[in-house]
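Asker: Numbering (my numbering), first residue to last: 5 to 102.
The structure under discussion is supplied below as structure tokens; questions concerning it will follow.
This is how it looks when you write it as structure tokens:
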């Protein structure tokens, strides 16, 4: 049965697709033209002393402390303990009483 299916498919393809006639050859090869390389964009090297390297992922002490406080507040919030901010939009917020 598979052989019959393959023969039928081959016959349908031979009907639907045109047959190539003769050999297809590339015409004359065009001569290669020399194209000079573009000049480098930056001719001078950057000096290490003139540019200050900045690593945005390194935190200073105050920012590290604020991030630790935020993480602690979020962790305690998952436990149901509210240690929210004392100032919201510049207004002092009293501690919640139960």
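All C-beta atoms, glycine included, are put in the ideal place defined by N, C-alpha and C.
These numbers come from a predicted model, not from an experiment.
I need the DSSP call for residue 19, collapsed to helix, strand or coil.
Answerer: On the chain shown, position 15 is the one that residue 19 refers to. Residue 19: helix per DSSP, three-state reduction.
Asker: In angstroms with no decimal places, state the Cα-to-Cα distance between residue 49 and residue 26.
Answerer: Start at 1 with the first residue of the chain shown, and residue 49 comes out as number 45. Start at 1 with the first residue of the chain shown, and residue 26 comes out as number 22. One C-alpha to the other measures close to 59 Å.
Asker: What residue range does the alpha helix (DSSP H) around residue 81 cover?
Answerer: Taking the first residue of the chain shown as 1, we reach residue 81 at position 77. First-last of the alpha helix (DSSP H) with residue 81: 65-82.
Asker: Could you compute how far the alpha carbon of residue 81 sits from the alpha carbon of residue 57?
Answerer: On the chain shown, position 77 is the one that residue 81 refers to. On the chain shown, position 53 is the one that residue 57 refers to. Answer to the nearest angstrom: the Cα atoms are 38 Å apart.
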